[in-house]
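Asker: What follows is a single structure, and I will ask about it in a moment.
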Amino acid sequence: FALDQIPKSPSEADVARAMEVSIRNCEEMWRQGVPAIPCYHCGEPEEALYHLASQYPKIALGGMVAKGGGILSQDQKWAWLEQCFARVWPKRIHGFGVSAERMVYGLPFHSVDATNWEIGPCAFGNWQKFGSMSVRGSNQDLRSQIRHYLDMEARARVRWRKRSEEHTSELQSHSFISYAVFCLKKK
-10 FALDQIPKSP SEADVARAME VSIRNCEEMW RQGVPAIPCY HCGEPEEALY
40 HLASQYPKIA LGGMVAKGGG ILSQDQKWAW LEQCFARVWP KRIHGFGVSA
90 ERMVYGLPFH SVDATNWEIG PCAFGNWQKF GSMSVRGSNQ DLRSQIRHYL
140 DMEARARVRW RKRSEEHTSE LQSHSFISYA VFCLKKK
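Per our numbering, the sequence shown starts with residue -10, numbered consecutively.
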C-alpha cells in the first residue's frame, strides 16, 4: 500500500481523512518492520506535525501544492518550511520537492529530493549550470545538471555539519554554565 493518502479535495474533511489514513499506513509499515518516514503536508493541522515529530526519528515535509491545485511560490514555500523548522528542529527532516539553493542552504534539512534535475532542463529548458540558457528536449546530456546538484549537496553538508557542531557546542556551553550556576547556588 502507499504511505501517503492524497486528499480528494482541499476540504478540511478530506485533508483530515487523508492525514489519518497516512498516519495509519505509516504505523502499519513500522509494525511490519519498514521504518517509513511519515510526511507532514502543507495545509494539515499543526498538531499533526507535533504528533509525527514526537513519534518518529525522522519526518518529511511535503505537499507544497496550494489549495485549488496551484503551486506555492518560493516565498510561500520558504515561509511554511521555516515555520515547520521553528516548531520541531532539531528533528531530522526530509524535504520533498526541495531543490532551491535558498532552501537547501537556508534550512538544516537532513535530506531532500526533487525531480528538478531532470524536469527542469528536459521539459522547460532550465539548466542550473548555464543560467538563463534555454535548451529543451529529452535527449540532453544531464551530467552537468547532476554535477550541479551533487556540488550543492556537498556544500550544504559542510554548511550544516559546521552549524550542527556550533549548535552542539553552544548547547554544551549553556549546559556547563547552567550546571556551574546550579553548583554555586547549592553552596
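Glycine included, each C-beta is placed from N, C-alpha and C at the ideal position. A quick note: this is a predicted structure, and the numbers were derived from the prediction, not measured.
Sort Lys66, Trp19 and Ile82 by Cα distance to Leu38 and report the nearest one.
Answerer: Selected option, being the one with the closest Cα: Ile82.
Asker: In angstroms, rounded to a whole number, what distance separates the CA positions of Tyr45 and Tyr138?
Answerer: Answer to the nearest angstrom: the Cα atoms are 28 Å apart.
Asker: Check Ala49 in the structure and name its three-state DSSP category.
Answerer: In this structure, Ala49 counts as strand in the three-state DSSP scheme.
Asker: Which term fits Ala7, buried or exposed, when burial requires 16 or more other beta carbons within 10 angstroms of its beta carbon?
Answerer: With 16 or more Cβ atoms within 10 Å of its Cβ, Ala7 is classed as buried.
Asker: Closest to Gln72 by CA distance: which of Gly86, Gly95 and Ser133 is it?
Answerer: Taking only the C-alpha atoms, the option nearest Gln72 is Gly95.
Asker: Excluding five sequence neighbours on each side, which residues of the same chain lie with their C-beta closer than 7 Å to the C-beta of Asp102?
Answerer: Same-chain partners within the cutoff: Phe85.
Asker: Alpha carbon to alpha carbon, how far is Ala2 from His30?
Answerer: Cα to Cα, Ala2 sits roughly 15 Å from His30.
Asker: Roughly how far, in whole angstroms, is the beta-carbon of Ala177 from the beta-carbon of Ile26, given that I think they are within contact range, below 8 Å?
Answerer: Outside the displayed span of the chain (-10 to 176) sits residue 177, for which this structure offers no information.
Asker: Using the three-state DSSP reduction, which class does Asp(-7) fall into: helix, strand or coil?
Answerer: Three-state result, Asp(-7): coil.
Asker: Any idea if Val23 is buried or exposed, counting beta-carbon neighbours within 10 angstroms, 16 or more meaning buried?
Answerer: The residue is exposed, with fewer than 16 neighbouring Cβ atoms inside 10 Å.
Asker: Counting C-beta neighbours from all protein chains within 10 Å, is the total for Ala68 16 or more, i.e. buried, or is it exposed?
Answerer: Answer is exposed; the Cβ neighbour count stays below 16.
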